[in-house]
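Under our numbering, the first residue of the sequence shown is numbered 359, with each subsequent residue one higher. Quick notes on the structure that follows.
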Amino acid sequence: MNNPSPPLRLFLMRHGETDYNNQSIMQGGGVDSNLNEAGLQQSRLFHDHYRDTPFTAIYTSGLKRTLQTIQPFVRPGLRPMPLLELNEMSWGVLEGQPRTDEVERLLQQALTTWTGGNTYFAVRGGESPEQVWERAHSGIRHIMQKHTGGGNVLICTHGRTLRILLSQMLGYGLAHMQRFAHANTGLNILRVSGNRFIPELLNDTRHLTTVPA
Numbered sequence: 359m360n361n362p363s364p365p366l367r368l369f370l371m372r373h374g375e376t377d378y379n380n381q382s383i384m385q386g387g388g389v390d391s392n393l394n395e396a397g398l399q400q401s402r403l404f405h406d407h408y409r410d411t412p413f414t415a416i417y418t419s420g421l422k423r424t425l426q427t428i429q430p431f432v433r434p435g436l437r438p439m440p441l442l443e444l445n446e447m448s449w450g451v452l453e454g455q456p457r458t459d460e461v462e463r464l465l466q467q468a469l470t471t472w473t474g475g476n477t478y479f480a481v482r483g484g485e486s487p488e489q490v491w492e493r494a495h496s497g498i499r500h501i502m503q504k505h506t507g508g509g510n511v512l513i514c515t516h517g518r519t520l521r522i523l524l525s526q527m528l529g530y531g532l533a534h535m536q537r538f539a540h541a542n543t544g545l546n547i548l549r550v551s552g553n554r555f556i557p558e559l560l561n562d563t564r565h566l567t568t569v570p571a
């Protein structure tokens, strides 16, 4: 009798901290920032906690902060595959801007509009949640098609993109994406069962406060 294939489990994580995160400056898909020292430490702690997890593949966005976050896992036979579909939302005119009163007003306008149900709204020059979902979901479908035999797949992406993916994949809808917290290197594990995504962990950060055995 053949043993059944292991389930496909998606380990969806956010990148480590950058100076932009620390200063509450919008990065978005148009700012290709590096991890700061805190982010590099978060990356090391995440690796220490999950280094014995048998990952079959690693995917990142096309931005440096995701590649740097998973760098400790890279070895022969396990190299990251960047997917531009997993890039952060474009925040248009808000990207790279200090959190002034005007920036805060525009941001809150966007959040209020989205939670009110208009997820086709975009900040001037940026993307809407619907647009991000369309491309990011395409990236997730690509990953699932590549790993029909199951296994553990590590995916490093971005905060807003994670909120968009989780709200849709778990059936809440884009208007409810704010319910999903997204700490730097926070981990979400979704087990794939047919067309369903079953959450095993959401925004887990125990690796930042515990020492691996």
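Cβ atoms here follow ideal geometry from the backbone N, Cα and C, with glycine treated the same way. No experiment lies behind these values; they were computed from the predicted model shown.
Residue i, DSSP secondary structure in three states
| i | result |
| --- | --- |
| Thr515 | strand |
| Ser551 | strand |
| Ile383 | coil |
| Pro438 | strand |
| Pro557 | strand |
| Ala415 | strand |
| Gly388 | coil |
| Gly509 | strand |
| Glu393 | The residue you asked about is not Glu; residue 393 is Leu in the sequence shown. Note: Leu393 maps to strand in three-state DSSP. |
| Leu528 | coil |
| Phe538 | coil |
| Asp406 | helix |
Bridge partner(s) assigned by DSSP for residue i
| i | result |
| --- | --- |
| Leu545 | Met371 and Asp562 |
| Leu366 | Gly509 and Val550 |
| Thr376 | Leu393 |
Of the residues the options, the one placed nearest residue i, counting alpha carbons only
| i | options | result |
| --- | --- | --- |
| Leu469 | Phe555, Gly387, Arg518 and Gly507 | Arg518 |
| Ala539 | His505, Arg372 and Asp390 | Arg372 |
| Leu545 | Asp410, Ser391 and Thr515 | Thr515 |
| Thr458 | Leu523, Met384, Tyr417 and Met502 | Met384 |
| Met535 | Leu444, Thr418, Val451 and Asn476 | Asn476 |
| Gly386 | Arg537, Arg423 and Ser551 | Arg423 |
| Phe369 | Ile428, Glu443, Arg433 and Arg493 | Ile428 |
| Val481 | Glu453, Arg493 and Gly497 | Glu453 |
| Asn542 | Gly450, Gly531, Thr567 and Gly374 | Gly374 |
CB contact check: residue i to chain B, cutoff 7 Å
| i | result |
| --- | --- |
| Met371 | Among the chains in the structure shown there is no chain B, since it carries only a single protein chain. |
Three CB pairs or more closer than 8 Å across the stretch 524-536 and the stretch 507-516: no
For a minimum of 3 consecutive residues, which ranges assigned as the beta strand (DSSP E) are wholly contained in the stretch 422-506? Within the stretch 422-506, the complete beta strand (DSSP E) runs of at least 3 residues are 438-440.
Contact between the stretch 430-438 and the stretch 389-405 is defined here as three or more beta-carbon pairs at a separation below 8 Å; is this criterion met? yes
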